[in-house]
Structures are given as C-alpha cells and as structure tokens.
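Residue numbers (our numbering): 1136 to 1426.
Every residue, glycine too, gets a C-beta built ideally from N, C-alpha and C.
Worksheet for the structure shown next.
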Amino acid sequence: MIYRVRHVTAYAYESPVEMATHLLHLLPRPLEGRQRVLRAALTSDPAPARRAEGLDHFGNTTAWLYLDRPHARFTVTAEFMVDVTAPPPLPASTPAWESLREAALRRPDVAEFLFPSPALPPVEGARAFFASHFTPGRSAGEAAVEMIAAFRKSMAFRSGVTTVSTPVEEVLRRKAGVCQDFAHLMITGLRMLGIPARYVSGYIRTRPPPGGVRRVGADQSHAWVAAWLGEEAGWVEMDPTNSLFVEEEHVVLGWGRDFGDVSPLLGIILGGGSHSVNVGVDMEEAEPVPG
C-alpha cells in the first residue's frame, strides 16, 4: 500500500526567538521488506541557516536545523510517500516467554530495550496489569495474542486527560489516555516481565472499509509497541490503542526506548516567551509512482 503523508507543525511565539536549534524525527524510516521510502522532503519557515541530516543511535532518520535570525513564528513541514507492506505473521510456534530475557541478553541490539529508560522507570502495577496473560510456560506468541486482544477492554481512549510527560502510574489510575500512554504502559509491563519492548512512532490509516470501524488516531501522529518474541519471530508490532497486530495501515517514522527518543520535534531556543503550537497531519492512499 502506498501512502502520502503531510505533517505540519507551526509554532507562534509571544516574542521573537533570537536563535534556535531543533532536532527533528519527521522523516520515515526505510525498512527492508516492510517500508520503502519513495519520496521525502522536509522544509521550514524561516529556512535554517544550517541544516544537517543523519541517523541517530537507533538508526532513525533525523534532521538538525539551526536558525540564527529573529523569528516570531516557526513552521516545519514534512511530506513523503512510502510503500508499506504488512509485517510477517507470528510463527506457529514461539518460545516460552520466560526464556526471552536470557536470549535477549545475548543480543546487545535487543537487550537495550529490556531495561528501564528515562521516561519509563519500573512500575510494579504495569507488570501486574499484564501478568495474567503470561502464565508459567506459556508461549510468548500465545500470550501476546491474548494480551493485545484484551487491552482495550480495560483502557479507554480519551484525549486531554494526559500530557507527553504523564507517568505510567497515572495512566493505570485513570485507566484512560492516548496512544502514547498505552504504548508506554505496555512497554513498561513487558520489560518488567523480562520481554524486550520498544516504542514505535508513526502514523495510522484511519479510513474504514465499507461497514468497518474507524481506527482511533485519525489525522495525527500515532504510537505503538514492538516486542521481541524470540529469534524466529523477531520484533512483533502491536497497537494497543486499537487492540490489534500491526499490518499495512501503519507507517513507521522511527523507534526508541520511549517517546523521548523519537519526539517529532525537540528544540533549544533563546527568547520567545510563551508559545502556542498547532499540528496537522494528512495521510491518504496514493497511486504508484511511475518508475
């Protein structure tokens, strides 16, 4: 499936910003056999005095913008087209979930997602929230299928009750939140059970098929979870917000330990005072690109 995405972030400052440096995670990540980037462009107004692009520690595409002229407004626009393929299905057999921690520790690229991260310290309540699905000796895949199917029966999608810094304990108390909260909750619980899990940032197609149900998260950034379920299964992507395994309707920007590693836009500014921000996202199916 080919998608066209346009993501606009606009800041308005109370007073001019004299200088600014911004780190952006707004360009899609190429993934062999999963996601092919056909076109990608990133622009800003005002234009930066200097711009650099590269990969971060996790291999995500990043851009750095340096602005040295006073500006009262700042707008960043990311536009791209990607060809997305559904991830492979779960293998018929996966190892017992208790064995995953030891196996992960032999893989440095996996092990770093096994431990607490800056935004996700240990939370016993998160372990308890998921523990009923991970009974002794049960296969990791079987437990994951039950866990993702049951998630939304206990959590309500409700915008405005949390912020980007809301701790997992508060999400558990409210039993409500948005996609970022649900991803953080599931990642914390899985890590405390000894299962590597990472935060995935991107977008989701929300136009339902005829007679279908509209997906939650329309016209905005989305977040979900990838859990490592053994050497054969590898990283399995799950969307707790919609209680489903990820298919071809999810576009990946990047991944990290938690939201802080893949925040769409981080900046250090001199001046500005208070500010307001508006974000708009359009995602639609597109025709194949000639050639």
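Specify the secondary structure class of valine 1217 as computed by DSSP and reduced to three states. strand
If we call anything under 8 Å between Cβ atoms a contact, is phenylalanine 1250 one with arginine 1164? no
Nearest by alpha-carbon distance to leucine 1320: which of Gly1295, Ala1213, Ala1358, His1206 is it? Ala1358
What residue does the beta strand (DSSP E) around leucine 1364 start on, and which one ends it? Element bounds for leucine 1364: n/a, residue is neither H nor E.
Return the CA-CA distance between phenylalanine 1394 and serine 1300, expressed in angstroms with no decimal places. 9 Å
Anyone know if the C-beta pair for leucine 1388 and histidine 1157 falls short of 8 Å? no
Under a Cβ-count criterion, where at least 16 other Cβ atoms within 10 Å of its own Cβ denotes burial, should aspartate 1417 be classed as buried or exposed? exposed
Which whole runs of the beta strand (DSSP E) in the region 1157 to 1244 are 3 residues long or more, in chain order? 1170 to 1180, 1185 to 1190, 1196 to 1202, 1206 to 1219
Please work out which residues of its chain come closer than 7 Å, Cβ to Cβ, to arginine 1273, disregarding the five sequence neighbours upstream and downstream, and give them in chain order. Ala1231, Trp1232
Glutamate 1259 versus isoleucine 1330: straight-line alpha-carbon distance, rounded: 15 Å
Go through the region 1362 to 1401 residue by residue and report every complete run of the beta strand (DSSP E) that reaches 3 residues or more, in order. 1370 to 1374, 1385 to 1391
Taking the straight line between their C-alpha atoms, what separation do you get for lysine 1310 and threonine 1197? 34 Å
Segments of 4+ residues assigned as alpha helix (DSSP H) that fall wholly inside the region 1262 to 1289: 1275 to 1285
How many Å lie between alanine 1430 and methionine 1373 at the Cα? Residue coverage of the chain in this structure runs from 1136 to 1426, which leaves residue 1430 outside it and unanswerable.
So, are the CB atoms of glycine 1408 and glutamate 1149 less than 8 Å apart? yes
In this structure, how does DSSP classify alanine 1246 when only helix, strand and coil are distinguished? helix
Close-in-space but distant-in-sequence residues of the same chain around glutamate 1188 (CB under 6 Å, 5 per side omitted): Ala1198
Short CB-CB distance (under 8 Å) between arginine 1185 and chain B: Here chain B cannot be found, since the structure has a single protein chain.
Terminal residues of the continuous alpha helix (DSSP H) containing valine 1306? 1303 to 1309
Based on Cα-Cα distance, which residue from Val1412, Ser1411, Val1414, Val1397 lies nearest to leucine 1190? Val1397
Straight-line CA distance for glutamate 1419 to valine 1172? 15 Å
Reduced DSSP category for leucine 1255 - H, G, I as helix; E, B as strand; rest coil: strand
What separation, rounded to the nearest whole angstrom, lies between the Cα atoms of glutamate 1384 and valine 1152? 38 Å
Just how far apart, CA to CA, sit methionine 1282 and phenylalanine 1265? 7 Å
Proline 1450: buried (16+ other C-beta within 10 angstroms of its C-beta) or exposed? The first residue shown for the chain is 1136 and the last is 1426, placing residue 1450 beyond what the model contains.
In terms of alpha-carbon separation, which member of Ala1239, Trp1363, Gly1337 lies closest to glutamine 1355? Gly1337
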